[in-house]
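Shown next, in structure tokens, is the structure this report addresses.
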Amino acid sequence: MTEIIKTNNRIFGITSAWISFVLLMFYIPVTILGTISLKAPTDPISDPYFTIMEIIILLIVPFLLICMVNLHMYSKLEDKVYSLAALVFMILLALITSSVHFIILTVSRQIEDMGFSWAPLFFSFKWPSIVYALDILAWDLFFGLSMLFAAQVFKGDRLEHSLRTVMIISGIISLLGLIGVPLGNMTIRSIGIIGYTLVAAIAFFMMGIVFKRQSI
1 MTEIIKTNNR
11 IFGITSAWIS
21 FVLLMFYIPV
31 TILGTISLKA
41 PTDPISDPYF
51 TIMEIIILLI
61 VPFLLICMVN
71 LHMYSKLEDK
81 VYSLAALVFM
91 ILLALITSSV
101 HFIILTVSRQ
111 IEDMGFSWAP
121 LFFSFKWPSI
131 VYALDILAWD
141 LFFGLSMLFA
151 AQVFKGDRLE
161 HSLRTVMIIS
171 GIISLLGLIG
181 VPLGNMTIRS
191 IGIIGYTLVA
201 AIAFFMMGIV
211 FKRQSI
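Note that the sequence shown covers residues 1 to 216 in the UniProt record's numbering.
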């Protein structure tokens, strides 16, 4: 029975890591195309790119959580504090970003169509706004911290050391995006996007390989 549980955990770990990789690789070109379509750098990305991005985010969140659950089970006893911290930060990310993007997809446009002058301050992804600030909190801060703590679990062979390095880079770049907040400069803040998309995609692909090679 224990071996069956370990096998199931291993399969969930591999699957969640590689699905996270695939979804991030879909997200990246959509974001690039949406950015290219902007008339001004400060404009928010519009449809159809915006809606596709929102859906991808809602799809990826459960797999990021499952990935960190399996990481916690994979980690050695002396590293459980790091994997638990990574899981907690990913849970915080999931709670915030799933709420933000579900609200954006379901009710934000209806409220904005009512003509309330305050609606963009809550529901727009044009700085400053409440949902924008919350999403920055989720991805730049909590994702960055989750990756930094998760990286401490991988201390084995060359592949694990490489994964550890990539995860640390992902976490640091994500956190760097926070610099744009006090400056009110979302172009600088966009640095963080590289950390939780492109670099993170590489990390999750490598994590799937690590999970595949070893039993959890």
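Using N, Cα and C, we set each Cβ at its ideal position, and we do this for glycine too.
Keep in mind it's a predicted model, so treat the numbers as computed, not measured.
Using only CA atoms, which one of the options lies nearest to residue i?
i       : options                              : result
Leu-58  : Val-100, Gly-34 and Met-68           : Val-100
Ile-56  : Ser-83, Ile-28 and Ile-36            : Ile-28
Phe-211 : Ile-52, Ser-124 and Gly-156          : Gly-156
Ser-146 : Val-61, Leu-93 and Phe-125           : Leu-93
Phe-149 : Ser-170, Leu-159 and Arg-158         : Ser-170
Ala-17  : Leu-71, Glu-54, Ile-188 and Leu-38   : Leu-71
Leu-84  : Ser-98, Ser-190, Leu-65 and Thr-97   : Leu-65
Thr-97  : Met-167, Glu-54, Leu-183 and Ala-151 : Glu-54
Leu-163 : Phe-125, Val-199 and Pro-182         : Val-199
Ser-75  : Ala-40, Ala-151 and Phe-21           : Ala-151
Can you give me the C-alpha to C-alpha distance between residue i and residue j, rounded to a whole angstrom?
i           : j       : result
Leu-77      : Ile-173 : 29 Å
Tyr-132     : Asp-47  : 17 Å
Arg-213     : Ala-119 : 50 Å
residue 227 : Ile-130 : Here the chain covers residues 1 to 216 and nothing more, so residue 227 does not appear.
Phe-26      : Tyr-49  : 11 Å
Gly-192     : Ile-32  : 14 Å
Ala-201     : Leu-105 : 24 Å
Gly-180     : Ala-138 : 15 Å
Ile-52      : Leu-23  : 11 Å
Ile-216     : Ile-91  : For Ile-216, the pLDDT reaches just 45, beneath the cut-off of 50, and the residue's location in the model is therefore unreliable, although a value from the coordinates is still provided. Near 21 Å, if we compare the C-alpha coordinates of Ile-91 and Ile-216.
Phe-122     : Ser-108 : 9 Å
Met-1       : Val-61  : Because Met-1 sits at a pLDDT of 44, beneath the cut-off of 50, its placement in the model cannot be relied upon, and the point is left open.
Ile-14      : Ser-117 : 47 Å
Ser-190     : Ile-11  : 34 Å
Ile-45      : Ile-168 : 29 Å
Ala-203     : Ile-194 : 12 Å
Leu-159     : Ile-209 : 9 Å
Ile-103     : Gly-34  : 21 Å
Val-166     : Ser-124 : 32 Å
Leu-38      : Met-114 : 25 Å
His-161     : Pro-182 : 34 Å
residue 217 : Ile-188 : Limits of the chain in this structure are 1 at one end and 216 at the other, which puts residue 217 out of reach.
Glu-112     : Val-30  : 24 Å
Where does the unbroken alpha helix (DSSP H) through residue i begin, and where does it stop?
i       : result
Ala-151 : 144-151
Asp-140 : Neither: Asp-140 is in no alpha helix (DSSP H) and is coded neither H nor E.
Gly-171 : 158-176
Gln-110 : 109-113
Ile-103 : 80-103
Pro-128 : Premise fails: Pro-128 is in no alpha helix (DSSP H) and is neither H nor E.
If I'm right that residue i touches residue j with Cβ under 8 Å, what's the distance once you round it to whole angstroms?
i       : j       : result
Phe-63  : Ile-19  : 5 Å
Tyr-196 : Phe-143 : 5 Å
Ser-186 : Trp-127 : Looking at the sequence itself, residue 186 is Met, so the reference to Ser does not match. Confirmed, Cβ separation roughly 5 Å.
Gly-177 : Asp-140 : 4 Å
Asn-9   : Met-73  : 6 Å
Asp-79  : Val-153 : 5 Å
Any alpha helix (DSSP H) of 4 or more consecutive residues that is wholly inside the segment 20-74: 49-74
Tell me the start and end of each unbroken alpha helix (DSSP H) in the segment 180-208 that is at least 4 residues and wholly inside, in chain order. Within the segment 180-208, the runs of alpha helix (DSSP H) that reach at least 4 residues and sit entirely inside it are, in chain order, 180-183, 186-189 and 191-196.
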